[in-house]
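As structure tokens, the structure follows; a few thoughts come after it.
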Amino acid sequence: MSERDKVYDYIIVGGGSAGSVLANRLSARSANDVLLLEAGQDTPHGKIPPEILDSDPSYAYADKRFLWTDLKVTTEVVSPNAPPSEYRPPLRRYEQARILGGGSSINGQMANRGAPTDFAEWEARGARGWGWDDVLPYFKKVERDMDFDDEFHGQQGRIPVRRIFPDLWTDYAKAAGEAFAAAGYDYVEDQNGAFRDGWFPVTISNAYERRVSAAIGYLDPGTRRRKNLAISTDTQVQRLVFEGRKCVGVEARVAGQSKRFRANEVIVSCGAIHSPAQLMRAGIGPALELKNHGIDVVANLPGVGQRLMDHPSIALGSFLRPHARMNEFTRRYIQVGLRYSSGIDGAAPGDMFVAVAAKTGWHAVGRQIGSMIIFVNRTFSETGQVKLASADWREEPVVEFNLLSDRRDLERLMHGFRHMAGMYEHPALAAATTLPFPAAWGDKVRQVGEVNLKNKVLTGVMARLLDGPAGLRDYLFDKFIIDGYRFDQLLVDDEALESFTRSAAVGVWHASCTCRMGADDDPMAVTDTAGRVRGVEGLRVVDASLFPIVPCANTNFPTLMVAEKIADGMVSAG
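When we follow my numbering, the leftmost residue of the sequence shown carries the number 280, and every step to the right adds one.
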């Protein structure tokens with residue numbers, strides 16, 4: 280049989296976290312013929328780029344080789360009826376992985392799950408069978424916990440999970456822990472145990488100081504040897520192929536040539552930005568928008584691309600004194616986290632999170648600056664959207680996060696900034712740091728953060744000057760690092776703090792919810808609870824775009840869980 284005539288049981292579009300799980304689990308059944316397509320490069324055993332393997336993620340997420348480099352988004356609220364002359368939020372880069380393993384190959388390796396209340400809300404929004412008791416077995420199936428063995432943890436999974444405990448922390452992390460304890464927060468040894476407020480060693484998907492991505496864990500040499508699994512990287516899907524209302528395959532560009540692959544079922548796992556774009560280009564989505572782009576409507580699903588969510592965040596930076604910087608015990612620079620409750624109406628406990636980072640970049644200046652990244656763990660802002668710029672597969676979609684569209688998110692970030700600023704009055708943090716400042720993750724920071732020789736040289740010179748006389752350091756901070764707002768000003772001026780928060784708030788790469796699963800009578804539900812796209816046949820979506828709401832967690836492990844659960848249902852049904 281020629282390649283053109285071959286019909287796969289499953290074609291998986293996207294080899295990220297979800298796609299890697301699906302490829303492993305579906306091909307484990309020898310009767311299934313599975314094809315995995317990934318736009319980025321492969322990461323086979325023995326040939327994984329060292330930047331990907333590195334326990335320190337600051338090189339991987341700043342390396343253009345592993346990213347969709349043309350993707351830009353807006354994070355500030357976009358008024359839908361604003362005239363062209365009105366202020367338009369600036370476009371910002373939004374690092375999305377283009378490599379086998381997807382986000383798990385470049386992310387911070389944070390391996391947390393969310394709150395039981397998150398999944399109760401999933402069920403309340405129509406995702407029956409996705410409550411906490413339903414999803415916990417699949418979280419456990421993902422992991423091999425290297426520290427704990429109890430009812431909350433798995434021991435046989437493909438992703439190792441561990442923590443770096445306080446005795447190996449940097450002095451900055453230890454000082455933050457002391458400040459949190461003095462503020463009345465409990466020390467919680469296990470972040471993924473019983474969900475409660477407190478400070479803890481962050482849980483990571485990492486073993487022996489090496490990243491274990493979904494591709495490394497699920498597409499290991501043994502899995503790749505399966506005769507019924509084919510992996511095609513450097514392969515970008517141009518469109519989904521339909522015959523009537525049934526998806527029968529894909530058209531993809533491989534090595535500069537267009538090829539068509541047929542399947543009984545296609546699974547789109549391109550993430551919450553690119554999955555809805557794939558559906559809309561195929562005629563599945565809001566009918567009016569599709570017609571405006573000259574696309575024939577296959578299924579009018581108004582929820583495609585809508586209600587995009589992320590965790591809005593701001594940061595409080597500081598200059599680290601030499602003794603408080605990274606030590607020789609680990610390359611992991613986010614060692615301690617804080618989960619706390621804002622107490623606002625409508626928010627479940629644990630709705631806020633702070634990640635304490637003992638460096639802010641791969642370069643010399645990044646190693647001198649620490650930060651507290653404050654984000655809304657349970658956001659109420661869900662008016663973001665992904666729209667097509669055109670029907671052309673080569674053009675990135677229009678992405679509007681509208682991060683602070685709900686004022687409760689703005690107010691919690693403002694309070695969080697001042698709450699964390701108060702921590703710097705604790706003697707331990709005062710001894711470890713100096714010059715606290717409001718930090719913005721803008722394009723200027725991203726430009727300096729690109730991995731290249733020029734930035735290495737420039738930051739090396741700047742770092743030597745910053746470690747010089749205090750007066751010179753104060754001048755350089757004022758001239759080159761502090762951008763518009765001063766720390767003391769934001770502690771007393773509500774208008775200035777609101778302005779800073781609105782302009783500086785960014786997502787933390789947790790894009791989700793644009794192809795939500797839900798009940799049959801929900802007009803905004805794109806899929807059923809097994810990821811099957813409504814109104815068509817032979818097509819599923821399985822990735823973070825299925826989430827009814829973004830959980831109180833970094834999204835990689837919830838994505839792995841979703842893929843495990845849906846794959847289990849598919850294998851059982853088949």
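Yeah, the Cβ is synthetic: ideal placement off N, Cα and C, and Gly gets one too. Just so we're clear, the structure is a prediction, and the values are computed from it rather than from any experiment.
Specify whether the region 569-584 and the region 829-840 touch according to this definition: at least 3 beta carbon pairs, one from each stretch, less than 8 Å apart.
Because the criterion of three Cβ pairs below 8 Å is not met, the region 569-584 and the region 829-840 do not touch.
Going by the CB atoms, is the gap between L305 and L379 shorter than 9 Å?
Position 100 of the sequence shown, counted from the start, is the residue given in the question as residue 379. Position 26 of the sequence shown, counted from the start, is the residue given in the question as residue 305. No, the pair does not count as a contact, with Cβ atoms beyond the cut-off.
Would you kindly report the start and end of the unbroken alpha helix (DSSP H) that includes F779?
As a position in the sequence shown, residue 779 is number 500, starting the count at 1. Where F779 is concerned, the enclosing alpha helix (DSSP H) starts and stops at 773-783.
Select from L301, V727, P748, F696 the residue whose C-alpha is nearest the C-alpha of L770.
Position 491 of the sequence shown, counting from 1, holds the residue named residue 770. For L770, the nearest C-alpha among the options comes from F696.
By the 10 Å Cβ neighbour count, where 16 or more other Cβ atoms means buried, how is G496 classified, buried or exposed?
For the purposes of this step, residue 496 is taken as residue 217 along the sequence shown, with counting starting at 1. The residue is buried, with at least 16 neighbouring Cβ atoms inside 10 Å.
Mind checking who C526 pairs with in its DSSP beta bridge?
Position 247 of the sequence shown, counted from the start, is the residue given in the question as residue 526. DSSP lists F521 as partners of C526.
Length of the line joining the Cα atoms of R541 and E675
Translated into positions along the sequence shown, residue 541 becomes position 262. Translated into positions along the sequence shown, residue 675 becomes position 396. The C-alpha of E675 is placed about 25 Å away from the C-alpha of R541.
DSSP three-state label for I438, please.
For this step, residue 438 is matched to residue 159 along the sequence shown. Of the three classes helix, strand and coil, the one that applies to I438 here is strand, per DSSP.
Could you check which residue in V300, R752, D773 has the C-alpha nearest to that of R503?
Along the sequence shown, one-based indexing puts residue 503 at 224. Ranking the options by Cα distance to R503, first place goes to V300.
Kindly indicate the opening and closing residues of the alpha helix (DSSP H) around T639.
On the sequence shown, residue 639 is found 360 positions in, with the first residue counted as 1. T639: not part of any alpha helix (DSSP H); DSSP gives it neither H nor E.
Whether or not the region 504-511 and the region 308-324 are in contact is what I'm after, with contact meaning three or more pairs of Cβ atoms, one per stretch, closer than 8 Å; do they touch?
A contact exists between the region 308-324 and the region 504-511.
N- and C-terminal bounds of the beta strand (DSSP E) containing N543
Your numbering for residue 543 matches position 264 in the sequence shown. Looking at the DSSP string, the run of the beta strand (DSSP E) that includes N543 is 536-547.
Got a sec, what are the start and stop residues for the beta strand (DSSP E) P480 sits in?
Residue mapping note: residue 480 aligns to position 201 of the sequence shown, counting from 1. Segment 477-480, the beta strand (DSSP E) holding P480.
Shortest alpha-carbon distance to S791 belongs to which of H553, H602, D685?
Residue numbering aside, residue 791 sits at position 512 when the sequence shown is read from its first letter. Between S791 and the set H553, H602, D685, the nearest pair of CA atoms involves H553.
Check for me: the beta strand (DSSP E) holding R552 runs from which residue to which?
Taking the sequence shown and counting its residues from 1, the one referred to as residue 552 is at position 273. The sequence shown places Ile at residue 552, not Arg. First-last for I552: 550-560, but that is the alpha helix (DSSP H), not the beta strand (DSSP E).
Shortest alpha-carbon distance to G817 belongs to which of S824, T806, G739?
Within the sequence shown, numbered from 1, the residue matching residue 817 stands at position 538. Comparing Cα-Cα distances from G817 to each of S824, T806, G739, the minimum goes to T806.
Taking all protein chains shown into account, do 16 or more other C-beta atoms lie within 10 angstroms of the C-beta of Y366, making it buried, or fewer, making it exposed?
The residue labelled residue 366 in the question sits at position 87 within the sequence shown. Around the C-beta of Y366, fewer than 16 other C-beta atoms lie within 10 Å, and the residue is accordingly described as exposed.
Among D284, V736, H324, whose alpha-carbon lies nearest the alpha-carbon of A494?
The residue given as residue 494 occupies position 215 in the sequence shown. Comparing Cα positions, the closest option is H324.
Over what stretch of residues does the beta strand (DSSP E) that includes S306 continue unbroken?
Taking the first residue of the sequence shown as position 1, residue 306 is located at position 27. Per DSSP, S306 belongs to no beta strand (DSSP E); it is in the alpha helix (DSSP H), 296-306.
Where T713 and N734 are concerned, what is the direct C-alpha to C-alpha distance, given to the nearest angstrom?
Here residue 713 is taken as the residue at index 434 of the sequence shown, counted from 1. Here residue 734 is taken as the residue at index 455 of the sequence shown, counted from 1. One C-alpha to the other measures close to 24 Å.
Closest residue to L415 among A531, E330, G393 (Cα-Cα distance)
Against the sequence shown, residue 415 aligns to sequence position 136. Taking L415 as reference, the option from A531, E330, G393 with the minimal CA-CA separation is G393.
How big is the Cα-Cα spacing for E774 and D688?
Indexing the sequence shown from 1 puts residue 774 at position 495. Indexing the sequence shown from 1 puts residue 688 at position 409. If you take the alpha carbons of E774 and D688, they lie about 16 Å apart.
So does the region 604-611 actually touch the region 449-461, counting three or more Cβ pairs closer than 8 Å?
Contact holds: three or more Cβ-Cβ distances are below 8 Å.
Reduced DSSP category for F632 - H, G, I as helix; E, B as strand; rest coil:
For the purposes of this step, residue 632 is taken as residue 353 along the sequence shown, with counting starting at 1. It is a strand residue.
Kindly indicate which residue of P336, E430, S592 has the alpha-carbon position closest to the one of F779.
Against the sequence shown, residue 779 aligns to sequence position 500. The candidate whose alpha carbon is nearest that of F779 is S592.
Output the distance between the C-alpha atoms of S650 and K453, rounded to the nearest integer angstrom.
To locate residue 650, count along the sequence shown from 1; it is residue 371. To locate residue 453, count along the sequence shown from 1; it is residue 174. Their backbone Cα atoms lie some 14 Å apart in a straight line.
Stretch pair the region 836-844 + the region 411-428: three plus CB contacts closer than 8 Å
Contact between the region 836-844 and the region 411-428 is present, because at least three Cβ pairs lie under 8 Å.
Restricting to Cα atoms, I'd like to know which of D589, A636, C794, V740 is closest to E355.
The count along the sequence shown starts at 1 and reaches residue 355 at position 76. Considering only alpha carbons, the answer is D589.
DSSP-derived helix/strand/coil call for I443:
In the sequence shown, counting from the first residue as 1, residue 443 sits at position 164. Here I443 sits in coil by DSSP.
Using a Cβ-Cβ cutoff of less than 6 Å, which residues in the same chain neighbour A643 once the five nearest sequence positions on both sides are dropped?
Numbered from 1 along the sequence shown, position 364 holds the residue referred to as residue 643. Beyond the five residues adjoining it in sequence on each side, A643 comes within less than 6 Å, by CB distance, of T738, G739, A742 in the same chain, given in chain order.
Excluding the 5 residues flanking G573 on each side, which residues of the same chain have their C-beta closer than 8 Å to its C-beta?
Here residue 573 is taken as the residue at index 294 of the sequence shown, counted from 1. A distance below 8 Å between beta-carbons, with the five flanking residues on each side excluded, links G573 to the following residues of its chain, in chain order: A670.
For L900, count neighbouring Cβ atoms within 10 angstroms of its own Cβ and tell me buried if that reaches 16, exposed if not.
Any answer about residue 900 is impossible in this case: the structure gives the chain only from 280 up to 853.
On a Cα-Cα basis, can you pick out the residue from R489, A561, D800, A798 that is closest to W672?
The count along the sequence shown starts at 1 and reaches residue 672 at position 393. Checking every option, the nearest Cα to that of W672 belongs to A561.
Please confirm whether V635 and Q614 have their CB atoms less than 9 Å apart.
Walking along the sequence shown from the start, residue 635 turns up at place 356. Walking along the sequence shown from the start, residue 614 turns up at place 335. It is a contact, given that the beta carbons lie within the stated cut-off.
Could you tell me the distance, in whole angstroms, from the CA atom of E544 to the CA atom of F521?
As a first step, residue 544 is located in the sequence shown; it is residue number 265 there, counting from the start. As a first step, residue 521 is located in the sequence shown; it is residue number 242 there, counting from the start. The straight-line gap from Cα to Cα measures roughly 11 Å.
Just to confirm the assignment, what range does the beta strand (DSSP E) spanning L587 have?
As a position in the sequence shown, residue 587 is number 308, starting the count at 1. Looking at the DSSP string, the run of the beta strand (DSSP E) that includes L587 is 585-587.
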